[in-house]
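Reviewing the structure listed below.
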């Protein structure tokens, strides 16, 4: 009980943190806490085939004792168009070089825009001016909505979209603490902040027990990151 | 059958049209068709208390023979914070002057941002570069996300968010044909284009039969619009 009473939640400014349960969003959550924010975690159930990531998000939210963990149901399957929500095969065993070429089949149309829009709505209701998202423009999968210029444009739009944008002295901020870090640097930062990466799951196509496949783009980038960081990945792989 | 065969759908560029079933979005749909687009209508079921508007949207979509009418379920009630989705009373009998003062309780946090984000996702899947939304910055209810500078910022963001934004020769456009029109001008424009306003429903708080209350902000602005346009409103009111 001493752990939960060490911080008075109301002393800290609130921040909405988008949390998938993967390595990046978990590290972004750790940074938000480290920077003194009271975290409100938001996770989406959007018809993804890798529903095991929701379990990971719950484990992480609990470990960080977030003020609230909101799971939002949205159905992106109506749009089709992605291997993460449709019937197409998730690509396997591509090199980091291949992964960074072009927009992959695992791209979900406008996903970060939809997720950030919900975060803006929740921030407005909470009276929060800060949103954290673990996007990354370095060791990433070529998604257009992970680039710094996209995030800047979203922030400008969101400031005009909401009450916060029309009230004096308030300024909505989209925090992207990982955007210019390599995967290895993200892992090192997280370890400095005490992140337990055994709780996280990055795989696009986990097995029935929620075990990472080890061969999809997400697993490939994660393994490369741990290798380059010179630390062992604490999760088990299905190979 | 001759009606459905008069136009070859594939000849026209596709446009996603946000359609609530109200007067404004119906007029925006009429403008999209008039400008030569093949309309894909998108309507949201978002826990609104005025679900009768979904019936109106279906009637309108059918009348315009849209290529597809997509109803998307999203739950904004998790956020609370609005009389349109919560338990608060919808304000009645406010004047147009009162309505335009401040952000009203009927404001749904970041609603247009969320709706437009889904439209961007659908446009990307359809290969469409055009989105129509019937927002209005003149006879409106003081929502921050109806202003031209908000729409401009959203458009800039959306161009960076999607494949269309990284492919040469493509340029996503958010069309707001009503943004600088008065309600009376919107009605006149719609009538020129042959809109049947008896199909539409604008009320925030309709009765059990889907009959407009006549006293909420939406009814007040609509009635004032028809009065100023010098035409009779073809719908019946509950008073």
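Protein chains in written order, with this note's numbering: chain A, 1 to 239; chain B, 1001 to 1239. All C-beta atoms, glycine included, are put in the ideal place defined by N, C-alpha and C.
When the cut-off is 8 Å and only beta carbons count, does residue 1182(B) lie next to chain A?
No, because no Cβ of chain A sits closer than 8 Å to the Cβ of residue 1182(B).
Whose Cβ in chain B lies nearer than 8 Å to the Cβ of residue 135(A)?
Result: empty, since nearest Cβ-Cβ is about 12 Å, beyond 8 Å.
Counting contacts by CB-CB distance shorter than 8 Å, is residue 128(A) in contact with chain B?
Not an interface residue.
Bridge partner(s) assigned by DSSP for residue 39(A)
According to DSSP, residue 39(A) bridges with 15(A).
I want to verify the contact list: residues of chain B whose CB lies under 7 Å from the CB of residue 154(A), in sequence order.
The contacting residues are 1157.
Nearest chain D C-beta to residue 1217(B) closer than 8 Å, yes or no?
The structure shown contains no chain D; its protein chains are A and B.
What does residue 1147(B) touch in chain A if you count any residue whose Cβ is under 8 Å from its own?
Chain A residues near residue 1147(B): 160.
Give the secondary structure of residue 146(A) by DSSP, where H, G and I count as helix, E and B as strand, and everything else as coil.
Residue state, collapsed to three classes: helix.
Is there a Cβ from chain B that is less than 8 Å from the Cβ of residue 118(A)?
Yes, its Cβ sits closer than 8 Å to a Cβ of chain B.
Inter-residue Cα distance where the pair is residue 1129(B) and residue 1146(B):
If I take the Cα positions, the gap works out to 21 Å.
Apart from the five residues on each side of it in sequence, which residues of its chain come closer than 6 Å, Cβ to Cβ, to residue 53(A)?
If we look at residue 53(A) and ignore the five residues flanking it on each side, its Cβ neighbours are 20, 21 and 201.
Report yes or no: do three or more beta-carbon pairs, one from the region 174-181 of chain A and one from the region 212-223 of chain A, lie closer than 8 Å?
Not touching, per the Cβ criterion.
Give me the chain A residues within the contact set of residue 1015(B), using Cβ-Cβ distance strictly less than 8 Å, ordered along the chain.
Those do not exist, as residue 1015(B) stays about 16 Å from chain A at its closest Cβ, beyond 8 Å.
Opposite residue 1067(B) in the DSSP bridges: which residues?
Answer is none; residue 1067(B) lacks a bridge partner.
So what's residue 4(A) in DSSP terms, helix, strand or just coil?
In this predicted model, residue 4(A) has a pLDDT of only 35, less than 50, meaning its place in the structure is not dependable; the value taken from the coordinates is given anyway. For residue 4(A), the secondary structure class from DSSP, reduced to helix, strand or coil, is helix.
Name the residue from 55(A), 56(A) and 66(A) whose alpha carbon lies nearest to the alpha carbon of residue 240(A).
As shown, chain A starts at 1 and ends at 239. That puts residue 240(A) outside it, with no answer to give.
First and last residue of the beta strand (DSSP E) that includes residue 1173(B)?
Counting along the chain, the unbroken beta strand (DSSP E) around residue 1173(B) starts and ends at 1173-1175.
For residue 1211(B) and residue 1238(B), I'd like the C-alpha separation in whole angstroms.
Using only the alpha carbons, I get a separation of about 6 Å.
Residue 45(A) beta carbon less than 8 Å from that of residue 24(A)
The answer is no: Cβ separation not under 8 Å.
Is it right to say residue 241(A) is buried, meaning 16 or more other beta carbons lie within 10 angstroms of its own, or is it exposed?
The requested residue 241(A) is not part of the displayed model; chain A covers only 1 to 239.
Listed by chain order, chain B residues near residue 74(A) by CB distance under 7 Å
Per Cβ cutoff of 7 Å: 1074.
Could you give the first and the last residue of the continuous alpha helix (DSSP H) run that contains residue 1217(B)?
Residue 1217(B) -> alpha helix (DSSP H) spans 1217-1229.
Compute the distance between the beta-carbons of residue 117(A) and residue 1114(B), then report whether it is under 8 Å.
Contact flag set, yes.
Would a check of beta-carbon distances place residue 46(A) closer than 8 Å to chain B?
No, its Cβ sits nowhere closer than 8 Å to a Cβ of chain B.
Could you check if residue 109(A) is buried or exposed, using at least 16 other CB atoms within 10 Å of its CB as the buried criterion?
That one is buried.
Alpha carbon of residue 11(A) to alpha carbon of residue 36(A), nearest angstrom
Cα-Cα distance, rounded: 9 Å.
Separation of residue 39(A) from residue 60(A), as counted between CA atoms
Spanning the alpha carbons of residue 60(A) and residue 39(A) requires a straight line of approximately 12 Å.
Which residue marks the beginning of the beta strand (DSSP E) containing residue 187(A), and which one marks its end?
Where residue 187(A) is concerned, there is no enclosing beta strand (DSSP E), although the alpha helix (DSSP H) it sits in stretches over 183-192.
DSSP three-state call for residue 74(A): helix, strand or coil?
Note: residue 74(A) maps to strand in three-state DSSP.
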